[in-house]
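In full-length UniProt numbering, the protein residues as written are 1 to 750. Beta carbons are placed, not taken as given, at the ideal position from N, Cα and C, and that holds for glycine. Bear in mind that the values here come from a model prediction, so they are computed numbers and not experimental data.
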């Protein structure tokens with residue numbers, strides 16, 4: 001268990017907010033930026049974020065419009081930039097003072113607050129400390145261990161969503177040149193369920209809406225998502241849609257301030273009452289979303305768009321027959337919603353000519369997530385809400401280039417067409433057998449079948465489920481390599497031998513030229529860092545890949561690695577010939593362009609049937625044993641993914657602490673617990689129990705039978721084998737737990 005300093009000693013709890021944004025967002029963003037970067041550096045950096053001649057925010061993947069404000073960033077974007085552009089440094093003196101065992105008990109907040117990594121570090125076998133190492137020696141060690149494997153499939157190559165298109169393409173090329181498709185990435189743990197469902201039903205594993213579609217929609221569902229914290233710039237788009245006449249329905253177990261009211265800090269109205277966003281809040285029980293959309297579809301069958309269905313879809317009759325047998329009692333049990341609420345919602349849908357459904361992790365991290373998202377597609381197809389203005393599916397991706405990484409080939413199950421294109425372009429035969437995704441990679445390391453772990457960005461240890469199992473698995477490997485900008489817990493969980501390779505961030509000048517990213521709506525654009533690199537010993541990610549490849553393959557007759565490092569335009573030329581939609585990439589990249597999207601652009605559906613597919617999905621109510629609760633892991637407002645910026649969650653009323661659990665007051669009363677009690681969280685799974693200790697209970701207006709707590713602290717409770725069907729995504733939004741009282745009410749008060 002990670003302890004570190006007792007950061008929750010000053011924990012205070014107040015009432016949750018009923019609005020998001022406003023002057024507090026500006027003040028907090030500037031406070032952190034000034035602390036980390038100083039006043040002059042803050043101004044020089046933040047005014048470049050998401051600008052056409054600037055750099056892409058290293059936070060979320062929300063798109064920018066054609067017309068941008070001078071401050072085209074949100075509070076959490078400013079925090080992400082400040083974390084990367086900080087003036088704090090972690091050098092050899094730090095590692096000499098802190099053995100790995102010491103780092104292993106520090107908190108995520110403490111580790112991230114130490115600053116930027118400055119030089120390559122090496123932990124030899126048996127050593128207690130990391131030591132400085134040259135880049136050339138580091139590449140020799142990695143190449144030595146990879147060559148010593150009995151098979152390339154004994155290596156795992158992980159990728160974070162912040163990797164640029166150019167680095168991602170080069171990285172997957174190196175891995176396939178080595179001979180494996182072991183390319184797990186952060187998508188496996190978040191929107192893999194979306195990609196699986198959308199590819200099957202619509203023929204493309206991405207959303208079908210543009211930012212303008214969202215602005216033009218008449219009705220917008222925001223499902224299983226907290227944009228006020230996770231994608232704050234989305235609130236601006238929702239505000240614009242509202243002012244254009246749209247209605248918004250929020251579907252979530254927790255009331256979220258950002259969907260109640262938004263005070264836009266970039267407008268005078270943001271100083272006043274702001275804009276009420278959600279017209280209707282459906283407080284659904286966890287895992288009840290499939291039942292919700294099946295019920296709405298049944299209520300809307302009489303308003304089906306038969307012309308669209310007949311021309312563009314397949315499987316409607318079988319789906320309709322299945323739907324007409326829907327058990328309304330099951331719907332009530334699954335959703336916790338009344339028949340009146342459902343009928344009133346259906347009436348709103350019936351009067352809207354264009355409907356968008358947005359979602360995030362609240363839909364994707366359950367056992368039946370793929371089936372649930374297929375049901376969302378059914379709901380939209382029923383009334384022709386795909387492939388027309390103001391309508392469609394909108395999975396809101398998290399990390400800034402996670403979608404681009406997948407487009408570039410970071411995928412353990414590549415298509416035959418992609419591999420054929422690689423072979424035609426580079427003249428070698430890529431491996432065809434499927435590789436390991438994230439969960440299977442952990443299993444392989446646990447079982448001794450994978451012996452080298454290479455992480456291109458991210459914080460693998462804290463992003464993954466079943467923390468104790470994951471850490472034991474990594475410690476069993478021969479070599480762990482972490483390509484990073486900042487210190488994190490993954491650096492303290494080492495194989496027999498370990499390397500830390502520090503790289504440039506988005507904010508810094510890259511000698512290879514500009515890079516590109518793809519946002520959540522399929523727009524590709526350039527990103528140009530402007531800051532002087534934080535250390536002369538930092539390399540760009542492309543250079544790390546290129547130099548390792550040259551060490552592995554010497555004079556490679558197939559890939560011009562040295563040219564790739566010198567000139568990213570050479571990589572883009574190859575991408576243009578391999579990846580559809582990137583034709584004339586170098587000429588189009590500076591201005592940006594939209595990738596083709598057949599369902600959106602042509603109402604063409606490249607599925608197995610050649611049409612958009614209705615699917616039959618069996619409704620199962622998730623039953624929780626008596627005395628248990630269903631836990632969802634969530635972010636606080638002072639974090640982004642595994643990066644902890646601070647210890648507050650302003651919108652939920654939490655200050656100076658993170659080990660809290662939000663539970664409905666009636667559920668507390670049933671368990672003879674009170675607000676402020678201290679408890680351990682115990683998850684239950686057939687292979688045994690898992691415990692996260694020392695949490696303070698907060699009485700909170702969540703859905704009955706459901707509760708919420710922050711990750712990564714609660715990732716330890718998510719069993720490795722509890723995964724979504726088809727996508728293999730961890731079920732971090734439906735963990736069965738019980739609460740064990742360990743102490744009386746905390747004296748911290750609130």
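Taking the alpha helix (DSSP H) that residue 19 belongs to, which residues open and close that run? For residue 19, no alpha helix (DSSP H) run applies, since DSSP gives it neither H nor E.
Run through the DSSP bridge pairs and tell me what residue 284 is partnered with. Residue 284 is not bridged to any residue.
May I have the straight-line CA-CA distance separating residue 496 from residue 510, to the nearest angstrom? Approximately 33 Å, taken between the alpha carbons.
Output the boundary residues of the alpha helix (DSSP H) element that contains residue 227. From DSSP, the alpha helix (DSSP H) with residue 227 extends over 227-230.
Can you give the Cα-Cα distance for residue 512 and residue 166, rounded to whole angstroms? Their backbone Cα atoms lie some 10 Å apart in a straight line.
Closest to residue 241 by CA distance: which of 253, 217, 230 and 301 is it? Of all alpha-carbon atoms in 253, 217, 230 and 301, the one lying nearest the alpha-carbon of residue 241 is that of 217.
Hey, residue 706 and residue 639 are a contact pair by Cβ (cut 8 Å); roughly how many whole angstroms apart? With 8 Å as the limit, residue 706 and residue 639 do not qualify as a contact, their Cβ atoms being about 21 Å apart.
Assigned secondary structure, residue 621 (DSSP; H/G/I helix, E/B strand, else coil): Residue state, collapsed to three classes: coil.
Classify residue 131 as buried or exposed, calling it buried when 16 or more other Cβ atoms lie within 10 Å of its own Cβ. Exposed is the call here.
Please go through the stretch 558-637 and give each complete beta strand (DSSP E) segment of 3 or more residues, from N-terminal end onward. The qualifying runs are 629-634.
Helix, strand or coil: how does DSSP classify residue 135 here? The three-state secondary structure of residue 135, taken from DSSP, is helix.
Would you say residue 694 and residue 518 are within 8 Å of each other, going by their C-beta atoms? The answer is no: Cβ separation not under 8 Å.
Rounding to the nearest angstrom, what Cα-Cα distance links residue 735 and residue 704 in this structure? In this structure, the alpha-carbon of residue 735 lies about 15 Å from that of residue 704.
Determine which residues share a DSSP beta bridge with residue 263 and list them. Under DSSP, the beta-bridge partners assigned to residue 263 are 21.
Who does residue 51 pair with in a DSSP beta bridge? According to DSSP, which records beta bridges pairwise, residue 51 is partnered with nothing at all.
According to DSSP, is residue 434 helix, strand or coil? The answer is coil: DSSP assigns residue 434 none of H, G, I, E or B.
Does DSSP classify residue 527 as helix, strand or coil? When DSSP states are grouped into helix, strand and coil, residue 527 belongs to the strand group.
Simplified DSSP state of residue 236, which is helix, strand or coil: Three-state result, residue 236: helix.
Here's the rule I'm using: 16 or more other beta-carbon atoms within 10 Å means buried, otherwise exposed. How should residue 272 be labelled? Taking all protein chains shown into account, residue 272 has fewer than 16 neighbouring C-beta atoms within 10 Å of its C-beta and is therefore exposed.
Beta-carbon contacts of residue 35 that lie in its chain and below 8 Å, excluding the five residues immediately before and after: Annotation for residue 35: 82 place their beta carbon closer than 8 Å to its own, counting only its chain and skipping 5 residues before and after.
Kindly indicate which three-state DSSP category residue 755 falls into: helix, strand or coil? Outside the shown range of the chain, which is 1 to 750, sits residue 755, and nothing can be said about it.
So residue 296 and residue 278 are supposed to be a Cβ contact under 8 Å. How far apart are they, rounded? Not a contact, Cβ separation roughly 17 Å.
Of the residues 434, 107, 123 and 227, the one placed nearest residue 62, counting alpha carbons only: Of 434, 107, 123 and 227, the residue nearest in Cα terms is 227.
Whole-angstrom distance between residue 599 and residue 138, CA atom to CA atom: In this structure, the CA atom of residue 138 is about 46 Å from the CA atom of residue 599.
So who's on the other strand from residue 508, going by DSSP bridges? When DSSP reads this structure, residue 508 sits in a beta bridge with 531.
Do three or more CB pairs link the stretch 581-600 to the stretch 274-288 at distances below 8 Å? Touching, no.
Can you tell me whether residue 122 is helix, strand or coil according to DSSP? DSSP places residue 122 in strand when its eight states are reduced to three.
Suppose the cutoff is 6 Å on Cβ atoms and the five residues either side in sequence are ignored; what does the same chain contact list for residue 762 look like? The requested residue 762 is not part of the displayed model; the chain covers only 1 to 750.
Give me whichever residues DSSP pairs with residue 502 in a beta bridge. Partner(s): 484.
Could you compute how far the alpha carbon of residue 550 sits from the alpha carbon of residue 516? When rounded, the distance between both Cα atoms is 24 Å.
Endpoints, the beta strand (DSSP E) within which residue 683 is located: Element bounds for residue 683: 678-685.
Leaving out five residues before and five after residue 385 in sequence, what residues of the same chain have Cβ atoms less than 6 Å from its Cβ? Around residue 385: 355 and 391.
Within 10 Å of its beta-carbon, does residue 572 have 16 or more other beta-carbons around it, so buried, or fewer, so exposed? Here residue 572 is buried. Its C-beta has 16 or more other C-beta atoms within 10 Å.
In terms of alpha-carbon separation, which member of 156, 438 and 170 lies closest to residue 480? Nearest of 156, 438 and 170 to residue 480, Cα basis: 156.
Beta-carbon gap between residue 348 and residue 219 smaller than 8 Å: Cβ atoms of residue 348 and residue 219: closer than 8 Å.
In this structure, does DSSP put residue 59 in helix, strand or coil? Three-state result, residue 59: coil.
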